[in-house]
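Chains as they are written, first to last, in the working numbering: chain A, 2 to 163; chain B, 5 to 106. We put the CB at the ideal spot given by N, CA and C, even for glycine.
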Amino acid sequence: MDWHDAFLEQARSDHAILQRLADPAVEYCHRLHYLQMVAEKLAKSMLTPPGSREAPPSSHSAFVRMLQVLKTRPEVRRQLGFEEAAQFKRYIDSLLALAARIEGLAPAQAGLIRPNPEYPWRDPPTVQIHAPARFDFPEFDPRDARLIKLHGLIRDLLRIAR
Amino acid sequence: MAVQHVDPVIERQARLLAVDNRAAEPDIQKIYWFPHDREVRLVELTDQVPQSLDGAVHPFYFRASERDDLAAPSAIAMIRSDEYGVLTLPAEWGDWSDAVEL
């Protein structure tokens, strides 16, 4: 197995776990954690050419950039069922801000001062310490149409990726 | 610039992708091609992407797709216009003087 296939395989496995976390008894942070990890690993698989023995860059900020490149790709557009490039661009553009916030959930970006779904943090203005498991993540309402759409896009990209 | 023979199929695909990508993303200011005999390598300039965090160009890789008239694999990177000529290119891409503006 090469790095490309390994990251893609792990992204698909993480996504399978994400699907199982929809149980309302499971704290919401775990769904966000897995969503962020799936996005990151999917992007890293594409940062590595098939057959490569060289690991992808360690950056956590590849997801948004991946989407920006994907919107120019004719084969991706076709496989996702979009006939017009302009329509596909609008679709991707409508998700970029949310994708950036998902990307920002990585602990390496959030640090210990911003909400993230994996590690406790301290909110600077209130000096309150939060545990992800007890935080509602209001910026990521699971009923938000854009979040549902972004999750759908990730699922479709995992389906067509090879 | 290094003089090298480039498969016309690769050059055709590079030019086709450049046209297609400009149509898909009007914010792309310039597109540079790094000729290679088996892979289409493009760097696209747009200030819509975030600044590089590590000073390097990191392309995304795509397999060939005959059905979409893309006979060769391709590697596409988007960088900010002020990063052109500054970021480190991937190994084996040559240097910035090898870039051909499309």
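Can you give me the Cβ contacts of residue i inside the same chain, cut-off strictly under 7 angstroms, excluding the 5 residues immediately before and after it?
{"i": "Leu19 of chain A", "result": "Arg32, Tyr35, Leu36 and Val39"}
{"i": "Ala68 of chain B", "result": "Leu74, Ala75, Ala76 and Pro77"}
{"i": "Pro108 of chain A", "result": "Asn117, Glu119 and Tyr120"}
{"i": "Met82 of chain B", "result": "Glu48, Thr50 and Val53"}
{"i": "Leu21 of chain B", "result": "Val44, Leu46 and Ser78"}
In chain A, what lies closer than 7 angstroms to residue i by C-beta?
{"i": "Arg67 of chain B", "result": "Pro51 and Arg163"}
{"i": "Ile29 of chain B", "result": "The residue asked about is misnamed: residue 29 of chain B is Glu in this sequence, not Ile. Chain A residues near Glu29 of chain B: Lys72, Thr73 and Lys90."}
Show which residues of chain A have a CB atom less than 8 angstroms away from the CB atom of residue i.
{"i": "Gln52 of chain B", "result": "Gln69"}
{"i": "Asp24 of chain B", "result": "Thr73, Pro75 and Ala86"}
Taking residue i as the query, report the chain B residues whose CB atoms sit under 7 angstroms from its CB, ordered along the chain.
{"i": "Arg79 of chain A", "result": "Asp72"}
{"i": "Ala111 of chain A", "result": "Result: empty, since nearest Cβ-Cβ is about 15 angstroms, beyond 7 angstroms."}
{"i": "Leu48 of chain A", "result": "His62 and Phe64"}
Can you name the residues of chain A whose CB is closer than 9 angstroms to the CB of residue i?
{"i": "Asp86 of chain B", "result": "Near Asp86 of chain B there are no residues of chain A at all, since even the closest Cβ is about 16 angstroms away, more than 9 angstroms."}
{"i": "Asp58 of chain B", "result": "Pro58, Ser59 and Ser60"}
Within 9 angstroms (strictly less), CB to CB, does residue i reach chain B?
{"i": "Pro58 of chain A", "result": "yes"}
{"i": "His5 of chain A", "result": "yes"}
{"i": "Ala40 of chain A", "result": "no"}
{"i": "Ala63 of chain A", "result": "yes"}
Run through chain B and tell me which residues come within less than 9 angstroms of residue i, C-beta to C-beta.
{"i": "Arg66 of chain A", "result": "Val53, Pro54, His62, Phe64, Ala81 and Met82"}
Let me check one thing: in DSSP terms, what residues is residue i bridge-paired to?
{"i": "Trp60 of chain B", "result": "Note that residue 60 of chain B corresponds to Ala in the displayed sequence, not to Trp. B:Thr92."}
{"i": "Val104 of chain B", "result": "B:Trp37"}
{"i": "Leu74 of chain B", "result": "B:Ser69"}
{"i": "Asp124 of chain A", "result": "A:Gln129"}
Kindly say whether residue i, judged by its beta-carbon, lies nearer than 9 angstroms to any beta-carbon of chain A.
{"i": "Glu48 of chain B", "result": "yes"}
{"i": "Ile168 of chain B", "result": "The question about residue 168 of chain B has no answer, for chain B in this structure spans 5 to 106."}
Go through its chain and collect everything with a Cβ distance to residue i's Cβ below 8 angstroms, but skip five positions before and after it.
{"i": "Leu43 of chain A", "result": "Phe8, Leu9, Ala12, Phe64, Met67, Ile155, Leu158, Leu159 and Ala162"}
{"i": "Ser53 of chain A", "result": "Asp3, Trp4 and His5"}
Those runs of the alpha helix (DSSP H) which lie wholly inside the segment 4-55 of chain A and span at least 4 residues: 4-21 and 29-47
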